[in-house]
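Protein chains in written order, with the working numbering: chain A, 851 to 1041; chain B, 192 to 581. Note that the Cβ used here is the ideal one computed from N, Cα and C, for glycine as well. The next block holds one structure in the form of structure tokens; read it before the comments.
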């Protein structure tokens, strides 16, 4: 594993998009792209995998719905049967609103929690930004510099041609682990 | 990127099957009129309302996008615009059905039936008021359909931004006025089939079914055009995914309203309200009653939940067919139970109405599509729409 990376800074989304496209085509490995807001088409250009967070949402929704269907059934028909308007104790139509609400609640909470866990966002976490300006008006592309075979001049040339304001090779921040896969987010926290 | 004016070209052989469908449908309707004249008008009402609904849904689709300033659907907006031409067609069939079949369909409009009604309902269903209202509904909706198309087509020529604002104003007016028409007409044309029964959410329930079926029809037409290489560049996978998403959302909305209507009536358990569901949940109506939410919600919801199916032309168009069948079943369950005491029947008239509806829709749509450029070249939002992506 390499401990070095190349960071190039851009001032516009068109520049960063075209740079990413050409860098990838030239065979460089993109570790991260930082942007102050979600740039349309950047995920596709950087060749990123789709998030699998939907699987967590659908699983939590299913569990939340089913659990509270059976909970209501247990309360109303087994634990404490009460005759309400002469309806059967176990009346599915009456359970639906709660089933819907708990499904939505479980899905929402699980999705947010999964995001926090996966991004390692915990209370008191200090943001480490590759450049403070990426939360304001600048875009940054981070390339991996492998131990051998990295053509610095070629990379610099491509970045410059697409309007990079600055290009520099730096060490990967000490404490931060390398991201396992490249990904983009609008307000990224540098690990 | 500049876009050229293009018009749809069709060979006569392309439309032949649809002409045959219409001819066969009309023939079966005529046969049905001889065999069981009572059901001819119900069949016409069924077919007419299905077509009218698809047209009204297209009006809503266009109006919502115009009012919110949404650009993604602009590149194919000529298709929903063509669908609005189904409004006068479906409206006319509906008017014929209620004008000629009123005595058989609507108890409130017959002498004996009206006597048992409260005074207000007697006045509301007095023949003159009822028929002039019905004509006004179709007239108002057709006028909006005409206005939407006219403004949009004129922009092709003069390319004035003012047309966009005119369309936006007309759309805002439609969303208010059109919604009154949809609610009142569903009371007058469907709820009046059982004049003693009432449900205040009935209009919203119908709106949900209308919009859902319109989105399904729009998706089918776009897939049909795309597969023939027309609109190939203008409709991309992201457009298809967004329409599928819209359909997914509206089918959940339909289920929500279906359930809202059902659960309140189930809960309060008042005989004059439960009579509607009792009729539909007894005997051989019961399987159809449960099939309705399956076709309209269970199938589209579970199939379209993931991303990949929403981007597949094959899967989305099959789901759209299921939704359209579901809409036909939904209307069938609103119209037929009070007329068919022996249980559900599909006769010559019903099959004829279905065939004629499909054929007629295709012919009218192609005709209107050919009347203007396929791409709205004068719309300032076109460029943004062509670059639409997720």
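Simplified DSSP state of residue i, which is helix, strand or coil
i	result
residue 473 of chain B	coil
residue 881 of chain A	strand
residue 990 of chain A	strand
residue 538 of chain B	coil
residue 934 of chain A	coil
residue 1010 of chain A	helix
residue 281 of chain B	helix
residue 529 of chain B	coil
residue 509 of chain B	helix
residue 330 of chain B	helix
residue 256 of chain B	helix
residue 222 of chain B	helix
residue 387 of chain B	coil
residue 561 of chain B	helix
residue 374 of chain B	helix
residue 274 of chain B	helix
residue 432 of chain B	helix
residue 493 of chain B	helix
residue 922 of chain A	helix
Test: residue i CB closer than 8 Å to a CB of chain A
i	result
residue 454 of chain B	yes
residue 493 of chain B	no
residue 450 of chain B	yes
residue 196 of chain B	no
residue 427 of chain B	no
residue 580 of chain B	yes
residue 488 of chain B	no
residue 483 of chain B	no
residue 457 of chain B	yes
residue 397 of chain B	no
CB contact below 8 Å: residue i versus chain B
i	result
residue 891 of chain A	yes
residue 877 of chain A	no
residue 943 of chain A	yes
residue 935 of chain A	yes
residue 946 of chain A	yes
residue 854 of chain A	no
Beta-carbon spacing of residue i, residue j below 8 Å
i	j	result
residue 235 of chain B	residue 284 of chain B	yes
residue 491 of chain B	residue 525 of chain B	no
residue 369 of chain B	residue 332 of chain B	yes
residue 399 of chain B	residue 444 of chain B	yes
residue 265 of chain B	residue 576 of chain B	yes
residue 885 of chain A	residue 984 of chain A	yes
residue 296 of chain B	residue 328 of chain B	no
residue 378 of chain B	residue 250 of chain B	no
residue 953 of chain A	residue 904 of chain A	no
residue 410 of chain B	residue 254 of chain B	no
residue 539 of chain B	residue 226 of chain B	yes
residue 402 of chain B	residue 446 of chain B	no
residue 559 of chain B	residue 273 of chain B	yes
residue 881 of chain A	residue 992 of chain A	yes
residue 429 of chain B	residue 568 of chain B	no
Counterpart residues of residue i in DSSP-defined beta bridges
i	result
residue 313 of chain B	For residue 313 of chain B, which the question treats as bridged, DSSP gives no partner whatsoever.
residue 995 of chain A	A:854
residue 1020 of chain A	A:855
residue 860 of chain A	A:989
Supposed close pair residue i, residue j - CB separation, criterion 8 Å
i	j	result
residue 292 of chain B	residue 380 of chain B	So it is not a contact: roughly 11 Å between Cβ atoms.
residue 210 of chain B	residue 550 of chain B	7 Å
residue 300 of chain B	residue 294 of chain B	7 Å
residue 534 of chain B	residue 486 of chain B	With 8 Å as the limit, residue 534 of chain B and residue 486 of chain B do not qualify as a contact, their Cβ atoms being about 19 Å apart.
residue 280 of chain B	residue 555 of chain B	5 Å
residue 507 of chain B	residue 431 of chain B	6 Å
residue 571 of chain B	residue 352 of chain B	6 Å
residue 322 of chain B	residue 363 of chain B	About 30 Å; that fails the 8 Å criterion.
residue 861 of chain A	residue 988 of chain A	6 Å
residue 448 of chain B	residue 537 of chain B	Between residue 537 of chain B and residue 448 of chain B the Cβ distance is about 27 Å, and since that is not below 8 Å, they are no contact.
residue 359 of chain B	residue 510 of chain B	That pair is no contact at about 32 Å.
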